[in-house]
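In my numbering, the protein residues as written are 52 to 606.
Even glycine gets a Cβ: it sits at the ideal position worked out from N, Cα and C.
A quick note: this is a predicted structure, and the numbers were derived from the prediction, not measured.
Reviewing the structure listed below.
Shown next, in the form of structure tokens:
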């Protein structure tokens, strides 16, 4: 047994509390630009049409992502009767749970069962997982499917060679890689295939490498039906072009954004996204190299980390979420070292890092509390670092006080636990970090949502536009616009995209009762128009224009 019974009961209660905080917080804010509306809108439009095949935005095929995340939102929507922020985020929390369970079972499959449980704990205390578990994006689903696939493959690999169990489990593993393809494209199979090829090659298991090719056909068989139906619906030429752009073009160029990042980018991202465990990662790898480099299991974890990390570093398009599939291996490596008897230096390092991070929560919580209370005493016209958003700081203060108290409590409890037992201290930090994230979902994010949500403004647009009519949208460029954030709340109404001032004026002249959505800077290029409404949402100012000379309405 890893933990004493009384500690297990306390941990179970804490996990229930954290899980409840996360689950009940999923619907407390709108979809936030840039990623969430892009993923939510296809699910909304597919549900409206009763379609399970073709993702669309504004009524046109949108193939930036395969359908797994849309299907998850639709299934949840069938239960709740609607597609909203809650229903689109529930699958994310489910995928996070699958990833944690797979990490724990991977430890057991690698004959490091207690390390597996600790690996799941480490992963659960990771900022990137908190963000992905509550954010509508595609990476968590395909990372979970890859982890399940590797778990099944390893179970088959440990069975007698050539046996039915060996083939059956490995087939099931590659079927999971097929689900990963439906989560984020070919990388769902290529990344684990690369890991397994390098692993077997390093161990000189040439027969196993040869068996990967027929197993890859299983992955393709799982994913191919959707691609086939999609090609029939939208045309094979369109599908082929989008397949190239979304995969090969993204690797070799940055035409779709997320470029301009050097080779060091993922090291910097890991330093933040894998906190606080990143302080243990280098010594964990060093200790493993000294003591376990001949261990076939440890080699797998290292290859699992390095191969995708190098692959994504070589790619032109970079985002911090891309290496998410390596996080189970990172967690298992750190967990193994946390429990290892590596000498006095290891104990001093682990306790020092733990005390340092505990102190961080104490200091940050105290700093927030002092600043908020000081600002509060000065009144609404006093200290306000969010001066661009009048009134926001006043609204945030109650939530910030609660969040600061939770941070300070976590830091204090972790410091005390670290003195008695470093493992209990790190357990407190893992659970406490998740508790802080869950608290923020209820106290801070809903207040910020008032500044970031497009729901109210889009609702006004929908009220002013008869069903079936279109709204003009003048903002050139693909990535610069926030069109999907509007469309998520327009109740099926669509935009007509206008590329230049002449097209925008032609739209208003041809549709004198129609509305044109744009920005104040772009509106300056248009003449003979009046402002029907205007808003500031997050960092962007918007105006609604129409032809004629009526009194402007401001919101």
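Check the C-beta distance from residue i over to residue j and give it rounded, since I have them as a contact under 8 Å.
i: residue 224; j: residue 216; result: Not quite, the Cβ-Cβ distance comes to about 12 Å (not below 8 Å), so this is no contact.
i: residue 40; j: residue 553; result: One cannot answer for residue 40 here, as it falls past the ends of the chain, which runs 52 to 606.
i: residue 103; j: residue 82; result: That belief does not hold up - the Cβ atoms of residue 103 and residue 82 are roughly 21 Å apart, past 8 Å.
i: residue 178; j: residue 324; result: 6 Å
i: residue 226; j: residue 189; result: The pair is not a contact, with the Cβ atoms about 19 Å apart (cut-off 8 Å).
i: residue 492; j: residue 202; result: Not really, about 29 Å apart at Cβ, beyond 8 Å.
i: residue 328; j: residue 173; result: 5 Å
i: residue 120; j: residue 284; result: With a Cβ gap of about 19 Å, residue 120 and residue 284 do not count as contacting.
i: residue 541; j: residue 509; result: 5 Å
i: residue 246; j: residue 252; result: With 8 Å as the limit, residue 246 and residue 252 do not qualify as a contact, their Cβ atoms being about 11 Å apart.
i: residue 419; j: residue 455; result: 4 Å
Cβ atoms of residue j and residue i: under 8 Å apart, would you say?
i: residue 485; j: residue 175; result: yes
i: residue 200; j: residue 237; result: no
i: residue 277; j: residue 517; result: no
i: residue 570; j: residue 537; result: no
i: residue 150; j: residue 191; result: yes
i: residue 339; j: residue 372; result: no
i: residue 379; j: residue 317; result: no
i: residue 421; j: residue 451; result: no
i: residue 370; j: residue 469; result: no
i: residue 139; j: residue 124; result: yes
i: residue 502; j: residue 417; result: no
i: residue 447; j: residue 498; result: yes
i: residue 513; j: residue 544; result: yes
i: residue 526; j: residue 584; result: no
i: residue 548; j: residue 521; result: no
i: residue 146; j: residue 197; result: no
i: residue 116; j: residue 90; result: yes
i: residue 572; j: residue 596; result: no
i: residue 406; j: residue 461; result: no
i: residue 92; j: residue 539; result: yes
i: residue 453; j: residue 490; result: yes
i: residue 222; j: residue 266; result: yes
i: residue 185; j: residue 68; result: no
i: residue 290; j: residue 281; result: yes
i: residue 348; j: residue 161; result: yes
i: residue 165; j: residue 344; result: no
i: residue 500; j: residue 80; result: yes
Please classify residue i as buried or exposed, where buried requires at least 16 other C-beta atoms within 10 Å of its C-beta.
i: residue 504; result: buried
i: residue 97; result: buried
i: residue 523; result: buried
i: residue 551; result: exposed
i: residue 481; result: buried
i: residue 183; result: buried
i: residue 268; result: exposed
i: residue 111; result: exposed
i: residue 131; result: exposed
i: residue 365; result: exposed
i: residue 560; result: exposed
i: residue 458; result: buried
i: residue 240; result: buried
i: residue 156; result: buried
i: residue 598; result: buried
i: residue 167; result: buried
i: residue 604; result: Here the model assigns residue 604 a pLDDT of 46, short of 50, so the residue's position is not dependable and the matter cannot be decided.
i: residue 578; result: exposed
i: residue 64; result: exposed
i: residue 301; result: buried
i: residue 528; result: exposed
i: residue 257; result: exposed
i: residue 376; result: buried
i: residue 135; result: buried
The ligand HEM and residue i: does the residue's C-beta get closer than 7 Å to at least one heavy atom of that ligand?
i: residue 585; result: The ligand HEM is not part of this structure, which contains no ligands at all.
Consider the Cβ of residue i: report whether some Cβ of chain C lies at a distance smaller than 8 Å.
i: residue 505; result: Included in the structure is just one protein chain, with no chain C present.
Which runs of the beta strand (DSSP E) at least 3 residues long sit entirely within the stretch 524 to 571? Give them in chain order. 545 to 549 and 567 to 569
Is it a yes or a no for the stretch 286 to 295 touching the stretch 326 to 344, going by three-plus beta-carbon pairs under 8 Å? no
Three or more beta-carbon pairs under 8 Å between the stretch 409 to 420 and the stretch 357 to 367, yes or no? With a cut-off of 8 Å, the stretch 357 to 367 and the stretch 409 to 420 do not count as touching, because too few Cβ pairs lie within range.
Are at least three pairs of beta-carbons, each pair with one atom in the stretch 339 to 355 and one in the stretch 374 to 392, less than 8 Å apart? yes
In chain order, which alpha helix (DSSP H) runs of at least 4 residues are fully inside the stretch 135 to 170? Runs of the alpha helix (DSSP H) inside the stretch 135 to 170: 136 to 160.
Restricting to runs no shorter than 4 residues, where is the alpha helix (DSSP H) found entirely within the stretch 316 to 377? 316 to 324, 329 to 343 and 347 to 365
Which runs of the alpha helix (DSSP H) spanning at least 4 residues fall entirely within the stretch 160 to 229, listed in chain order? 164 to 175, 178 to 184 and 190 to 209
Contained beta strand (DSSP E) runs [length at least 3] in the stretch 387 to 427, N- to C-terminal order: none
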